[in-house]
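*Asks:* For the record, the sequence lines run as chains A and B. Taking this note's numbering, the leading residue of the first sequence gets 1, the next gets one more, and so forth. Taking this note's numbering, the leading residue of the second sequence gets 1001, the next gets one more, and so forth. Even glycine gets a Cβ: it sits at the ideal position worked out from N, Cα and C. Bear in mind the structure is a predicted one, so any value in this text is a computation, not a measurement.
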Amino acid sequence: MELKNRKLEDNVFFRARAEALAQWPTGAQINLEEGIAFQKSLPVEKSLPSALTAADAEKRTLLQPRSGSVLVDRHIQLLEYLREQGGADVLSTTIDSYTRQSRFREAQSGIEESERSGKSMLNGFPAVNHGVDGCRRVTESVGAPIQVRHGSPDARLLAETALAGGFTGFEGGGISFNIPYAKGVSLEKTILDWQYVDRLVGIYEEAGVAINREPFGPLTGALVPPCISHAVSIIESLLAAEQGVRNITVGYGQCGNLIQDVAALQTLRELTREYLHRYGYRSVSVTTVLHQWMGGFPQEEARAYSVISWGSVAAALAHATRVMVKTPHEATGVPTGEAIVQGLLCTGQIISMLEDQSMPENGLQQEKEIIAAETRCIVDRCLQLGEGDIAVGAVRAFQTGVLDVPFAPSRANAGKLLPARDNDGAVRILEPGALPLSKELLDFNRDKIEQRATREKRKASFQMVIDDIYAISTGRLVGRPR
Amino acid sequence: MNSTVLVLGVIGADAYPPGYHTACHIFSRSGLAVVDLGIMVTQAEFAAAAAQSRAAAIVVLSPTGHGELDCRGLRHTCQQAGLAQILLYVWGRLTVDPQPAELIDARFNQMGLDRTFPACAPPERLLAALAQDLGTAVTAHTITQ
Chain A
1 MELKNRKLED NVFFRARAEA LAQWPTGAQI NLEEGIAFQK SLPVEKSLPS
51 ALTAADAEKR TLLQPRSGSV LVDRHIQLLE YLREQGGADV LSTTIDSYTR
101 QSRFREAQSG IEESERSGKS MLNGFPAVNH GVDGCRRVTE SVGAPIQVRH
151 GSPDARLLAE TALAGGFTGF EGGGISFNIP YAKGVSLEKT ILDWQYVDRL
201 VGIYEEAGVA INREPFGPLT GALVPPCISH AVSIIESLLA AEQGVRNITV
251 GYGQCGNLIQ DVAALQTLRE LTREYLHRYG YRSVSVTTVL HQWMGGFPQE
301 EARAYSVISW GSVAAALAHA TRVMVKTPHE ATGVPTGEAI VQGLLCTGQI
351 ISMLEDQSMP ENGLQQEKEI IAAETRCIVD RCLQLGEGDI AVGAVRAFQT
401 GVLDVPFAPS RANAGKLLPA RDNDGAVRIL EPGALPLSKE LLDFNRDKIE
451 QRATREKRKA SFQMVIDDIY AISTGRLVGR PR
Chain B
1001 MNSTVLVLGV IGADAYPPGY HTACHIFSRS GLAVVDLGIM VTQAEFAAAA
1051 AQSRAAAIVV LSPTGHGELD CRGLRHTCQQ AGLAQILLYV WGRLTVDPQP
1101 AELIDARFNQ MGLDRTFPAC APPERLLAAL AQDLGTAVTA HTITQ
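1) Kindly list the residues whose CB is nearer than 7 Å to the CB of P406/A, restricted to its own chain and excluding five residues on each side of it in sequence; keep chain order.
2) Suppose you measure from the CA of I469/A to the CA of G202/A; what does that come to, to the nearest Å?
3) Evaluate P1100/B with the Cβ neighbour count: other Cβ atoms within 10 Å of its Cβ, from every protein chain shown; 16 or more gives buried, anything less gives exposed.
4) Can you tell me whether R213/A is buried or exposed? The criterion is at least 16 other CB atoms within 10 Å of its CB, across all chains shown.
5) Which of the three DSSP states, helix, strand or coil, is assigned to T272/A?
6) Output, in sequence order along the chain, the residues in the stretch 1061-1085 of chain B whose CB is closer than 8 Å to any CB in chain A.
7) Can you tell me the Cβ-Cβ gap for G124/A and D96/A, rounded? I've got them flagged as a contact below 8 Å.
8) Tell me which residues share the same chain as H329/A and place their Cβ nearer than 6 Å to its Cβ, disregarding the 5 neighbours each side in the sequence.
9) How is the beta strand (DSSP E) around D1036/B delimited, first residue to last?
10) Indicate whether at least one CB of chain A lies closer than 8 Å to the CB of V1007/B.
11) For L497/A, which residues of its own chain have a beta-carbon under 6 Å away from its beta-carbon, when the five flanking residues on both sides are left out?
12) With a threshold of 16 other CB atoms inside 10 Å of the CB of G483/A, please say whether the residue is buried or exposed.
13) What number of angstroms, rounded off, separates the C-alpha of R411/A from the C-alpha of A37/A?
14) Assuming the contact rule is C-beta atoms closer than 8 Å, A1055/B and V1005/B should be a hit. Round their C-beta distance to whole Å, please.
15) Could you check how far apart the C-beta atoms of E171/A and V142/A are, in whole angstroms? I think they sit under 8 Å.
16) Under 7 Å between beta-carbons, which chain A residues line up against T1042/B? List them in chain order, please.
17) Please list the segments of the alpha helix (DSSP H) lying wholly inside the stretch 100-154 of chain A, counting only runs of 4 or more residues, in order along the chain.
18) With a CB to CB cut of under 7 Å and the five nearest residues on each side skipped, what residues in its chain are close to Y305/A?
19) For E9/A, which residues of its own chain have a beta-carbon under 6 Å away from its beta-carbon, when the five flanking residues on both sides are left out?
20) Rounded to whole angstroms, what's the CA-CA distance from D1114/B to Y1089/B? Just pull it up for me.
21) Would you mind sorting T1095/B into buried or exposed? The rule is 16 or more other CB atoms within 10 Å of its CB.
22) Determine the direct distance from the alpha carbon of L1008/B to that of D389/A, and round the result to whole angstroms.
23) Would A20/A pass as a contact of Y196/A if the rule is Cβ separation under 8 Å?
24) T267/A and T161/A look like a contact to me (Cβ under 8 Å); what is the Cβ gap, rounded to whole Å?
25) Just mark A18/A as buried or exposed, buried being the case when its beta carbon has 16 or more other beta carbons within 10 Å.
26) Reducing DSSP to helix, strand and coil, say where T474/A ends up.
27) Please classify I1143/B: is it buried, with 16 or more other beta-carbons within 10 angstroms of its beta-carbon, or exposed?
28) I'd like to know if C1120/B contacts chain A, where contact means its C-beta is closer than 8 Å to some C-beta of that chain.
29) Along chain A, in chain order, which residues have C-beta atoms closer than 7 Å to that of I1039/B?
30) How would you label A1057/B, buried or exposed, when you count the other beta carbons within 10 angstroms and need 16 or more for buried?
31) Taking the alpha-carbon positions, what's the Y439/A to H1076/B distance?
32) Please state whether DSSP places P65/A in a helix, a strand or coil.
33) For the alpha helix (DSSP H) containing V92/A, name the first residue and the last one.
34) Put P49/A into one of helix, strand or coil per three-state DSSP.
35) Starting from the beta carbon of D1133/B, find every residue of chain A whose beta carbon is closer than 9 Å, and list them in chain order.
36) My output table needs one value for G343/A: the three-state DSSP class, helix, strand or coil.
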């Protein structure tokens, strides 16, 4: 099928739907009308869009952990524990790595071995294998909105199961769940498969059921310059809106320089709204989520709390609508429920202490202008490459390196761009590859990194990048030579 | 002199653990010839790459907690590919539930893997183990932190 940024026609959608539902036997349980009726039967306090609208009006930042257990009862217990003991406002059903790759047979083995051994053999909730009934047991039992978080290049059956199962938020997108998560899947295919997911959400919306969608902002989570993640989020928002999505949360992964982080989150919302309005999607609600540091964490719990706290400060001062909370076990393993609660309590303390404060000017406006100008250069070039069609433009942009995500494993990604921190720890562009920034913006980035190189008495090089990648886990933000 | 060959990749999983690229770089500059297989690597792909490159060791990254399921049978797969003596290391978040390192090590040893390393182990620790197990000159460069 030819890729275009056009709403999927019913005959195309329903033909693809038969194929999607046949991927695993639980797909046969799914009935669209009945799923919509089930969603309408849920109380409003389980609606993620409603929670986001209320928090946005009150300028509150909602706390959300990541969490997923392999068996339904244990998953329910975990989510209720995080809500009651950790004060989570929004909960996550994190999907296991096999399901994310549509390896449902291996997920089934993991469920069976977990039941036999009493140990968790999967790193998340295998929603497709549990089917609509298993999902509904979760959404009926837990007293808060639940978002499905994953990393699936093809999420069609997962989305069908999750929406009919009563989940009211669904993470991901055709770029953000391909480039950082897949090796050899074509971008055309993932964008088409995610147009299906967005069209499904659009059908629920048209029937009166609000569902939140969230493009995955942090991408590879390692020194991603804000303009790169912003461009991807804006493109995925435009693609989603065309299919009928009306409630979008755009995300950003904390980089570590407070001014840059606050500027980035504020700019992300402003720019997403600007592009949605420009292309006629005026009724789409846009909120934000800040992801606490997604790179390597220190091993010691006390130091991990400092990293969590610093992300919480950025979320609070930027007035993010939601904050994705990390745990003190981040460096060592899959976190326990107790560790997730500790991360929530640590974050909740900072968020409530800072809720009445905003970021002072102090360079904020200049940073916002830089991020906005860089992002516009990229998104506008993508639109040009696609001759006005952003789906086509996104594919061509990756082919030509106009969009280039640092450290991404996908063969569809050029991998020429290299980031590095400047003297103040802000993430800048060391090697731009084919990134279409103006000469002025390229000079700005180069000068910022040169200032650091001069202070460190060394040349800006890949060694600087390596030092930056390990810096936070070894106690610093900027990877200075010692 | 030919370099010692190391095969490196992420087994069955959908993302790079933080620092994967830099680990490749650090292994390469220590004098090893690194065959980088990237993500979503199957057991058969590890074995085939090791056989083709005459590798001395395979380092399997497993960041998801699924290490036990993903690595079962890897020793057998290597033997089938004619790699009877190859050194097998696994590095990452190896279980979902927290367990003592000695138990994890013992379980993976039983499965035929030679050494396990937690996700937080720096690449230098693997280099030191490789130098010891292979008896070859592998220079551990220190990260400038």
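*Replies:* Let me spell this out:
1) Locating residue 406/A in the first sequence gives position 406, counting from the first residue. Hits under 7 Å: T220, A222, L223, V224, L417, L418 and P419.
2) Within the first sequence, residue 469/A is the residue found at index 469, counting from 1. Within the first sequence, residue 202/A is the residue found at index 202, counting from 1. Each residue's Cα considered, the two are about 39 Å apart.
3) Residue numbering aside, residue 1100/B sits at position 100 when the second sequence is read from its first letter. Looking at its Cβ environment, which holds fewer than 16 other Cβ atoms inside 10 Å, P1100/B is exposed.
4) One-based indexing of the first sequence puts residue 213/A at position 213. R213/A comes out buried.
5) Within the first sequence, numbered from 1, the residue matching residue 272/A stands at position 272. It is helical.
6) T1064, G1065, H1066, E1068 and L1069
7) One-based indexing of the first sequence puts residue 124/A at position 124. One-based indexing of the first sequence puts residue 96/A at position 96. G124/A to D96/A, Cβ: 4 Å. Contact.
8) Position 329 of the first sequence holds residue 329/A. Answer for H329/A: P335 and A339, listed in chain order.
9) On the second sequence, residue 1036/B is found 36 positions in, with the first residue counted as 1. Taken as a continuous stretch (DSSP letters only), the beta strand (DSSP E) holding D1036/B covers A1033 to D1036.
10) In the second sequence, counting from the first residue as 1, residue 1007/B sits at position 7. It does not: the Cβ of V1007/B has no partner Cβ on chain A nearer than 8 Å.
11) Lying before the first or after the last residue shown, residue 497/A is absent from chain A, which here runs from 1 to 482.
12) Summary: the structure shown does not reach residue 483/A, with chain A confined to residues 1 through 482, and so no result is reported for it.
13) Looking up residue 411/A in the first sequence gives position 411. Looking up residue 37/A in the first sequence gives position 37. Using only the alpha carbons, I get a separation of about 42 Å.
14) Position 55 of the second sequence holds residue 1055/B. Position 5 of the second sequence holds residue 1005/B. With a Cβ gap of about 4 Å, A1055/B and V1005/B count as contacting.
15) Counting from 1 along the first sequence, the entry for residue 171/A is found at position 171. Counting from 1 along the first sequence, the entry for residue 142/A is found at position 142. Not a contact, Cβ separation roughly 17 Å.
16) The count along the second sequence starts at 1 and reaches residue 1042/B at position 42. Near T1042/B there are no residues of chain A at all, since even the closest Cβ is about 11 Å away, more than 7 Å.
17) 104-117 and 127-141
18) Counted from its first residue, the first sequence places residue 305/A at position 305. Excluding positions up to five away in sequence, the list reads P328 and C346.
19) By 1-based counting over the first sequence, the position of residue 9/A is 9. Result list for E9/A: empty, nothing under 6 Å.
20) Here residue 1114/B is taken as the residue at index 114 of the second sequence, counted from 1. Here residue 1089/B is taken as the residue at index 89 of the second sequence, counted from 1. Taking the straight line from one Cα to the other gives about 6 Å.
21) On the second sequence, residue 1095/B is found 95 positions in, with the first residue counted as 1. Buried, since its Cβ has 16 or more Cβ neighbours within 10 Å.
22) The sequence position of residue 389/A within the first sequence is 389, counting from 1. The sequence position of residue 1008/B within the second sequence is 8, counting from 1. D389/A and L1008/B: Cα-Cα distance of roughly 39 Å.
23) Numbered from 1 along the first sequence, position 20 holds the residue referred to as residue 20/A. Numbered from 1 along the first sequence, position 196 holds the residue referred to as residue 196/A. Yes; because the gap between Cβ atoms is below 8 Å, this pair is in contact.
24) The sequence position of residue 267/A within the first sequence is 267, counting from 1. The sequence position of residue 161/A within the first sequence is 161, counting from 1. That pair is no contact at about 35 Å.
25) Here residue 18/A refers to the residue found at position 18 of the first sequence. Looking at its Cβ environment, which holds fewer than 16 other Cβ atoms inside 10 Å, A18/A is exposed.
26) Sequence index remark: in the first sequence, residue 474/A carries index 474 (1-based). Note: T474/A maps to helix in three-state DSSP.
27) Counting from one through the second sequence, the residue named residue 1143/B turns up at place 143. A caution first: I1143/B carries a pLDDT of 36, below 50, which makes its placement in the model too unreliable to give a value.
28) Working through the second sequence from its first residue, we reach residue 1120/B at position 120. Cβ-Cβ to chain A under 8 Å: yes for C1120/B.
29) Your numbering for residue 1039/B matches position 39 in the second sequence. Here the neighbours are K183 and P409.
30) Locating residue 1057/B in the second sequence gives position 57, where the first residue counts as 1. The residue in question, A1057/B, is buried, as its Cβ has 16 or more Cβ neighbours within 10 Å.
31) As a position in the first sequence, residue 439/A is number 439, starting the count at 1. As a position in the second sequence, residue 1076/B is number 76, starting the count at 1. What sits at residue 439/A in the sequence shown is Lys, not Tyr. For K439/A and H1076/B, the distance between alpha carbons rounds to 56 Å.
32) Translated into positions along the first sequence, residue 65/A becomes position 65. Correct three-state label for P65/A: strand.
33) By one-based count along the first sequence, residue 92/A stands at place 92. Per the sequence shown, the amino acid found at residue 92/A is Ser instead of Val. S92/A -> not in any alpha helix (DSSP H); beta strand (DSSP E) instead, spanning L91 to T94.
34) Here residue 49/A is taken as the residue at index 49 of the first sequence, counted from 1. Three-state result, P49/A: helix.
35) Taking the first residue of the second sequence as 1, we reach residue 1133/B at position 133. What D1133/B touches in chain A: nothing, since even the nearest Cβ is about 24 Å away.
36) Mapped onto the first sequence, residue 343/A falls at position 343. Three-state result, G343/A: helix.
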